[in-house]
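Structure record follows, encoded as structure tokens.
Number of protein chains: 2
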Amino acid sequence: MKTVLIKEDILSRNNERAAEVRELTAKRKIFYINVMSSPGAGKTTLLTKVIPLLAGKYRIGVIEADIDSDKDALEIERATGVKTIQMHTGGACHITCQMSFEALEALGTEGLDVVFLENIGNLVCPAEFDTGADMNLVLLSVPEGDDKPLKYPLMFEVASCVVLTKLDVAHIFDFDPERALANVRKRNGKAEVFSVCAKTGEGVGALVSCLEGRIGEKLG
Amino acid sequence: MKTVLIKEDILSRNNERAAEVRELTAKRKIFYINVMSSPGAGKTTLLTKVIPLLAGKYRIGVIEADIDSDKDALEIERATGVKTIQMHTGGACHITCQMSFEALEALGTEGLDVVFLENIGNLVCPAEFDTGADMNLVLLSVPEGDDKPLKYPLMFEVASCVVLTKLDVAHIFDFDPERALANVRKRNGKAEVFSVCAKTGEGVGALVSCLEGRIGEKLG
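Sequence lines, in order, name chains A and B.
Residue numbers for the first sequence follow the working numbering, so the first one is 16 and each next one is one higher.
Residue numbers for the second sequence follow the working numbering, so the first one is 16 and each next one is one higher.
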């Protein structure tokens, strides 16, 4: 019981700080996207496909959060050439708003229009901590199974946009995109849902159009 | 800083209770296995293959932990017929020792030799909380990528046994079992590592032999 109270206290302090992040990104005219999923669902690969399609129109930065290793930041830099920093959480399973604020400052938002935050691969805890982002982009990969919205409800409740990834192997894993969509809908009636295969590029264009729409709403 | 201290306090209280769980399982002559992985790595499917091979020799029980849904407990019961309970964590991202203790009592350990605890699908938090189990069985599925031990170090440090799953799709995902093993070894010099395809049954026999050896060491 005590543990729950402590957690609520941490969460309420976190969510107060989210307003500060939103003030910062409003003042600096930045659209800030929080990318979340299980480990290995394809967050980094998706970013390497989405960023080049946005880069003609917007100046982009990326914050890569990991418990350890610099692999993802190096991969993003190599594939896209955009400004990227690697953030290590010191074992933490999620990004708090404090970390989010500090990461934006460390990245340096001068001259940027869009910042992606690749959160820790975890389908539970990151959903509890508002990072102050304008949008929560949640990936669900085919090999994980189309039942995941039933088992990890909060992540799909907080999603602004759900991207089903690795669609090229749906037949191997008996993953039904319609069933996945129905399960997402049990948690969230509003999120836009996209089916993507980042490897072949299939479906990436529709997702990019959606992002451009959202970015345009904020930045004009 | 305060958050870290609270966490340490929760962890130290948790780990004190782990001794109580170990006393309980010693007294009742039960071998207790904590199964951990990312969401959708194949914990339930692996259990449906492993349990029938152990069931001729040992009386088995299963605790299924999920944030929501009863899907996994129903699947285990249907596929194996062993005594199973579904535990809901009320949003929690891991099983504490208190939950572990209560779940063993709720399952009822009378007449059982081996109990499997299928933890929440999460490659971060469950590794921090000792459940009092005799063995941590950690799954890494091919679609997640062979780099995961680099990015989620603690989970692979606490593993007694690492099972690489979904090996039948290794060629599709450019997953190298040798590289995965080398990455596990950077975190853990002692864990036994197995390659398995639960769908075809390949490699399950070797894992079961290992489990029988460990069970025999405790139960005689």
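Beta carbons: idealized from backbone N, C-alpha and C, even for Gly.
| request: Entirely within the region 45–118 of chain A and at least 4 residues each: give me those alpha helix (DSSP H) ranges in chain order. | output: 58–69, 86–95
| said: Counting only Cβ pairs nearer than 8 angstroms, list the residues of chain B close to Ile135/A. | reply: Val139
| field | Selection of the region 64–82 of chain B by Cβ proximity to chain A, strictly under 9 angstroms | value | Asp81, Ile82
| message | DSSP has Val153/B in a bridge; who is on the other side? | response | Met51/B, Val177/B
| said: Please report the straight-line C-alpha distance between Asp162/A and Glu172/A, rounded to a whole angstrom. | reply: 14 angstroms
| Chain-order list of residues whose beta-carbon lies under 8 angstroms from that of Val19/B (same chain, five-residue window excluded) | Because Val19/B carries a pLDDT of 43, less than 50, the predicted location of this residue cannot be relied on, and the following value inherits that uncertainty. Cβ neighbours of Val19/B beyond the five flanking positions: none.
| task | Please decide whether Asp162/A counts as near chain B, where near means a Cβ-Cβ distance under 8 angstroms. | result | yes
| query | Using a C-beta cutoff of 8 angstroms, does His186/A count as contacting chain B? | reply | no
| query | Taking 8 angstroms as the CB-CB cut-off, is Pro192/B touching chain A? | reply | no
| request: Leaving aside the five residues before and after Thr191/A along the sequence, list all residues of the same chain whose C-beta is less than 6 angstroms from its C-beta, in chain order. | output: As written in the sequence, residue 191/A is Asp, which differs from the Thr given in the question. Cβ neighbours of Asp191/A beyond the five flanking positions: Asp161.
| query | Between the C-alpha atoms of Gln101/A and Ala70/A, what's the straight-line distance to the nearest angstrom? | reply | 20 angstroms
| query | Whose C-beta lies closer than 8 angstroms to the C-beta of Thr104/B among residues of the same chain, with five residues either side of it excluded? | reply | Ala80, Asp81, Ile82, Ile110, Met114, Ile135
| query | What does Asp159/A reach in chain B if we use C-beta pairs closer than 7 angstroms? | reply | Reading the sequence as shown, one finds Glu at residue 159/A and not Asp. Within chain B, the residues near Glu159/A are Pro54, Gly55.
| said: Tell me the DSSP secondary structure of Leu165/B in three-state form. | reply: helix
| request: Evaluate Asp24/A with the Cβ neighbour count: other Cβ atoms within 10 Å of its Cβ, from every protein chain shown; 16 or more gives buried, anything less gives exposed. | output: exposed
| Whole-angstrom distance between Ala107/A and Val223/A, CA atom to CA atom | 30 angstroms
| message | Would Leu234/A and Lys86/B qualify as a contact pair, given that the criterion is a beta-carbon distance under 8 angstroms? | response | no
| Would you say Lys201/A faces chain B, with C-beta separation under 8 angstroms as the test? | no
| message | On the DSSP bridge list, what partners appear for Cys212/A? | response | Glu217/A
| Glu207/B: which of Ile230/B, Val177/B, Asn30/B sits nearest, CA to CA? | Val177/B
| said: Does Leu26/A come out as helix, strand or coil in the three-state DSSP assignment? | reply: helix
| What does a CB cutoff of less than 6 angstroms around Ala142/A pick up in its chain, not counting 5 residues either side in sequence? | Leu169, Met170, Val173
| Where do the ends of the alpha helix (DSSP H) carrying Leu132/B lie? | That residue, Leu132/B, is in no alpha helix (DSSP H); its beta strand (DSSP E) goes 129–133.
| Given that Ser84/A touches chain B, what residues does it touch there, using C-beta distances under 8 angstroms? | Asp162, Leu165, Lys166
| query | Which stretch, first to last residue, makes up the alpha helix (DSSP H) that contains Asn198/A? | reply | 192–202
| said: Taking the alpha carbon of Ala197/A as the reference point, which residue from Phe188/A, Val184/A, Leu179/A, Ala148/A has its own alpha carbon closest? | reply: Leu179/A
| query | So with Cβ pairs under 8 angstroms, would you call Ser156/A a contact of chain B? | reply | yes
| task | Can you grab the Cα-Cα spacing for the pair Asp183/B / Ala94/A, in whole Å? | result | 29 angstroms
| message | Strictly under 8 angstroms for the Cβ-Cβ distance: is Gly218/A near chain B by that measure? | response | no
| How about Val177/B: is its Cβ closer than 7 angstroms to a heavy atom in the ligand NAP? | In the structure on display, the ligand NAP does not appear, and there are no ligands present to speak of.
| Beta-carbon spacing of Asn49/A, Val139/B below 8 angstroms | no
| message | At the level of alpha carbons, what is the spacing between Glu35/B and Arg28/B? | response | 12 angstroms
| Selected residue, minimal CA-CA separation from Ala56/B, among Ser156/A, Val199/A, Val219/A, Phe46/A | Ser156/A
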